[in-house]
Amino acid sequence: MAFANLEFQPIGPMWLEIMLAAGVLVVFSFAVWATRYQPRNVRLAVSLLRGLILLCMFALVHQPSWVRKITRQQETKVGLVTDRSGSMQSADGDSKTRYQRATHAHDKLADLELEIERYEFDQITYGPLQHESKLTEVSGNKTDFYQAFTQLLNQTEDLAAVVAFSDGHDLGRFTSMDLAETKAWLNRLNAPPINTVLVGDTQKGPEISIHSLEAPAFSFVRAPLRIRATVMARDVDTPPSQIQLMEADKIVQVRDVHIDEQGFGTVDFEFYPETTGEHLYSVYAPPHPRESNQANNQQNLLIEIGRDKISVLHIAGSITWDLNGLRSMFERNDLVDLTAFYIMRTREHQQRGVDGRNIGHEEMALVPFPTEEIFDRQLFGFDVIIFQDFDAGNYFSDSYQARRLMTKIRNFIEQHHGGLVIVGGPRMAAGPSLSLGPLADCLPLIPPSYRTPYPEGLATPVKTSVGKTHPLLQYFDSSTDLFRGHMQKVTLHPQARLLLESEAGTPLMATLEKGTGRVVFLNTSSSFEWLRRDIAQGRTGDDYYAFWNNLLAWATHDPALQQIQMTATKTTERPLDLDVDILLRDRNFVPQPHTEITLQLTPIGYETESIEAPLVTSARGDAQAKMKVPEPGYYELSLKEKPWSELVRSQILFLGGSQDEFRNQEPVAETLERLANLSGGRFTRLDDFRVDQLKMHDASEKQIVEIRRLKLRNWIWSLPILMMMAGLEWYLRRSSQLA
Amino acid sequence: MGCPLKRRTFVSLLSWAALSPAFSSEQDLRFRFTMLDINNNWQPRQRSLRKLAFEIQNRCNIPIDPEFDVVKFDGLYKANSPFLIVTGDKALPEVSLEQANLLRSTLRSGGFLLFDDQSESGDQAFYQSCLALMKKAFPELSVNIIPNDHSMYQSYYLLKEPRGRLNKTTYLEGWSQGIRTIAAFSHNDMLGAMEADRIGNWTYNMEIGGGFRRELCFRLGINMTYYVLTVNYKKDRAFPPVIERRRRQ
């Protein structure tokens, strides 16, 4: 069915319209008056034609449009839409989840005479479902009303109404849209009345909660990480004054908070993560004594910490070709952020020119060693410290300062996941022994307490049983990479692992894991010769660079160089499932075939049992497992048995879709109220939901399917019709006079 | 009785034994200069490197061997301290492709080559032959003037321009690969200013100036040595503001 009408556009304000109409009337009056000498019937016809022409012109000025609407009878389907996002998993203290309560309420719609189409949504819309949903568990994905309803209303044209069951907890664009924008969006979609039903209970009484957290999902190690927490306090006399940021049981930071009149307060935490991997932080607000729901006083946040660059502090005690080799290696490696300090002269070196003049400090490009700046302020910002032939004890001005700085370096290693690489050389051998200072217990190779002999003859290194499989020596060829000079009489730390030794049994390279950090001791300053020898033999020399890159990677706990490699993979399609690949190697990096191990997923924050997956490794030492958790949450993935559990760092994972959805599960009635009001629907709570109160299009109403507009000013026949009328007027007037 | 050894003969033998490359100790980790022998006239500058090494030993924290090596192309791979020096006053003989490749490999693995021109003003033969040698070894590189803010002018001493026995140019020229300069050309006979006899008398007079100008030649030599060993260390973020401030003083 179609009906049509004519639409005009005003040319301006009302006074202009009146002026124009008056002008037309004056012209028409003159046109009638001018025909006073014509015969009566001609005069009547000509006046009529002239009036018609003036009227047409008056109308054309107002941009007339011919509007034709094609309509059809209103359909009588109702869209039944149910939220299946992560927050619908919440039970609100009931035995049934919000999702289950919503699906049970669907039965009330059976009384409705209209046809029902079922849909479900989280960040997208699923459906129409052919029958009652088989999706008895929530997806875990986040809720996005904007995306979901855009999809729904674009794919359906014949809905008389929509009934949406949700907790109103939106994480999409809808929440940030203002009223005008929301109206425009609903108009664009030609939305039917959306009747919204709030599922979930809001708390009453005193309430303090972490309302929201803002933080990047990914950050970098030793780079500033900012977390912003919004705290909400309702019906409390004394709002909280301090908020804690915690990682596991350790308090990371405590910040003061000011709660404003609206009951909200914002806290900014900023700190520097020291290790890579997944970190689970908790923001905690102390509860009110009479607060009934204390679960929302803490919110968790899983942030993955990666590494963009390896921050290296390179200190060299003498300027040698070995320094040149290492410096060139750093300069060609884009992943290294280098801070270097080289001792270019000592007190023994006299600045007296060949002209007999003393050379002033201002004529030189030297900067004093910024001991305080580097060791007191910036030390924990580095990933690795390299002492290259550096007689530290000799350099730092007095024994007190030397001990203090060495103690800081020890803390850097033991408590702050720092790496230390020591390259032994003649200067280090001749200086005060490192074994006398606080650093002694961190050295894999301990020099004697007196000055150490450093013979510069060639020594052939021999890989120890550990060294043969250790990844640090992956690119080391013991037949060609000889040691020109090494410190003698060094002893191996009891917990160190010896990788290389001379044929005479002197330790040449060893590693030590001390506290949270790692230390490598390379007992020679001649590694640059390996590069030269490689090139002399027609090779590229890349093994030298690979050796040092490996060394840096190991010192910075690069997961690629861990004994046990455990890779966990999640998918959005199966948010509660986890696929794990594991490569099992012992402490000496030897793959362990046919070994029984147990993977363990332990829930964090719940006192439920761990999920275990027993495995047997293949002949190559690898194994795969598929695990499934019963409900969304944070889990710790680890190995159960020793010694494997000590060789792999446990991983923290969020399983179950969106952790944003999981974090905040408060029902938000405002979202649903706005959606209902602006679409012409009705908002109700689940307990008050009645079918006879639903708002929907009247079945007798016509639905406009299409609107066609024809602008008459642009119509091709407008001008010919006007000309025909003018021609007829001229013909009548002319023929009357000739007669 | 055998012929008695005269005192003068004994001292002469002793100093010869100490200074002759043939008697140098077994290769060690210390830095040493390496004269590249391409049948060029390097002998008139052989004491200058010892003098420079002596000054480095006194002034710098560089473990250095006062002796220098003399190698031909086929010995380049054995040079453990590849600060190579080519000096002369005549055109160099043309090198083979194999020799050019040897030079290329040495410089690409951290080595450095200094051309020092002994020839008088107007004589371009040595310069042109050096350009040809580098063109053969590094066809992809071109020679450019080394800018005054290059690390070579500020690696140890603050210098404004290069000096030498002669005063032909106020710049060094160089071949750079990425941010590293692998070879430099000194037009002003820098080694000539350092050449002295055994008791320390300067062999050649300076074309312009005297003692201080000669001192600046040593400073340039020391800076080059530091540049070769520490590369662009003085371009690290801690140094440019300090160096800029001192230069303005």
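Chains as they are written, first to last, in the numbering used here: chain A, 321 to 1059; chain B, 22 to 270. Cβ atoms here follow ideal geometry from the backbone N, Cα and C, with glycine treated the same way. Small disclaimer: the values here were computed from a predicted structure and weren't measured.
Under 8 Å by beta carbon: chain B residues contacting residue i
i, result
"L851(A)", "S130 and G131"
"N644(A)", "G131, V249, L250, T251 and V252"
"E651(A)", "I200, R201, V252 and N253"
Residue i, enclosing alpha helix (DSSP H) - first and last residue
i, result
"H424(A)", "R418 to A425"
"T470(A)", "F465 to Q475"
"Q78(B)", "Q67 to R80"
"A996(A)", "A989 to S999"
"N620(A)", "It is not in any alpha helix (DSSP H) - N620(A) instead sits in the beta strand (DSSP E) that spans Q618 to G626."
"K157(B)", "A146 to A158"
"E433(A)", "Unbroken run through E433(A): none, as it is neither H nor E."
"L898(A)", "Element bounds for L898(A): not the alpha helix (DSSP H) but the beta strand (DSSP E), D897 to L903."
Per-residue contacts from residue i into chain A (C-beta, under 8 Å)
i, result
"I83(B)", "S638, I639 and T640"
"E88(B)", "Per Cβ cutoff of 8 Å: no residues; E88(B) is ~15 Å from chain A at best."
"D257(B)", "L658, T659 and A660"
"Q120(B)", "By Cβ distance, chain A contributes nothing, its closest Cβ being about 15 Å from Q120(B), past 8 Å."
"F260(B)", "A685 and V687"
Residue(s) in a DSSP beta bridge with residue i
i, result
"G109(B)", "D138(B)"
"W386(A)", "L326(A) and L1030(A)"
"I972(A)", "E956(A)"
"H634(A)", "A660(A) and I706(A)"
"R672(A)", "N678(A)"
"P513(A)", "For P513(A), which the question treats as bridged, DSSP gives no partner whatsoever."
"Q573(A)", "L565(A)"
"E440(A)", "T402(A) and Y446(A)"
"E821(A)", "V782(A) and P827(A)"
"N165(B)", "G195(B)"
Chain A residues whose Cβ lies nearer than 7 Å to that of residue i
i, result
"R267(B)", "E682"
"S264(B)", "According to the sequence shown, residue 264(B) is Ile rather than Ser. Ordered by position in chain A, the residues that pass the 7 Å Cβ test against I264(B) are A685."
"L179(B)", "E683, M684 and A685"
"F206(B)", "Result: empty, since nearest Cβ-Cβ is about 21 Å, beyond 7 Å."
"R66(B)", "The contacting residues do not exist; R66(B) stays about 16 Å from chain A at best."
"S69(B)", "Ordered by position in chain A, no residue passes the 7 Å Cβ test against S69(B), which lies about 12 Å from the chain."
"S163(B)", "By Cβ distance, chain A contributes nothing, its closest Cβ being about 22 Å from S163(B), past 7 Å."
Boundaries of the beta strand (DSSP E) in which residue i is found, first to last residue
i, result
"K834(A)", "P827 to K834"
"P262(B)", "It is not in any beta strand (DSSP E) - P262(B) instead sits in the alpha helix (DSSP H) that spans P261 to R269."
"P536(A)", "Run containing P536(A): none; DSSP gives neither H nor E here."
"T586(A)", "F584 to F591"
"F796(A)", "F796(A) -> no beta strand (DSSP E), and no H or E assigned at all."
"E598(A)", "G597 to Y604"
"F54(B)", "F54 to L57"
"V936(A)", "I931 to V936"
Contact belief for residue i with residue j at Cβ below 8 Å, rounded distance in angstroms
i, j, result
"D863(A)", "Y795(A)", "4 Å"
"D711(A)", "P752(A)", "7 Å"
"H578(A)", "P526(A)", "The pair is not a contact, with the Cβ atoms about 19 Å apart (cut-off 8 Å)."
"D431(A)", "V1011(A)", "5 Å"
"R370(A)", "A341(A)", "About 16 Å separates the two Cβ atoms, so there is no contact after all."
"G406(A)", "K462(A)", "7 Å"
"R546(A)", "A535(A)", "7 Å"
"D897(A)", "K946(A)", "7 Å"
"L162(B)", "I106(B)", "About 19 Å; that fails the 8 Å criterion."
Contacts that residue i makes with chain A (C-beta to C-beta distance below 9 Å)
i, result
"Y52(B)", "Looking at the sequence provided, one finds Phe at residue 52(B) rather than Tyr. Per Cβ cutoff of 9 Å: I639, T640 and W641."
"F239(B)", "G673 and V674"
"S176(B)", "M664 and A685"
"E194(B)", "Correct list: empty, because the minimum Cβ distance to chain A is about 22 Å."
Proximity test, residue i beta-carbon vs the ligand FMN heavy atom, cut-off 7 Å
i, result
"R418(A)", "Summarising the ligand content, the structure contains no ligands, and the ligand FMN is consequently not present."
Within chain B, the residues that residue i reaches when beta carbons sit closer than 7 Å
i, result
"R804(A)", "L50"
"A856(A)", "Y98"
"S846(A)", "L50"
Amino acids of chain B, ordered along the chain, whose beta-carbon sits closer than 9 Å to that of residue i
i, result
"R647(A)", "L250, T251, V252, N253 and Y254"
Practice prompt. May I ask you to list, following chain order, the residues of the stretch 655-671 of chain A that have a beta carbon less than 9 Å from some beta carbon of chain B?
Written response: L658, T659, A660, F661, Y662, I663, M664, R665, T666, E668, H669, Q670 and Q671
Practice prompt. Residues of the stretch 216-236 of chain B with a CB closer than 7 Å to any CB of chain A: list them in chain order, please.
Written response: G232, F233, R235 and E236
Worksheet item: Looking at chain B, which residues of the stretch 772-798 of chain A have a Cβ within less than 7 Å of any of its Cβ atoms?
Response: E776
Worksheet entry | chain B contacts made by the stretch 685-703 of chain A, where a contact means CB separation under 8 Å | A685, L686, V687 and P690
Worksheet item: Looking at chain B, which residues of the stretch 722-750 of chain A have a Cβ within less than 9 Å of any of its Cβ atoms?
Response: G745, P746 and R747
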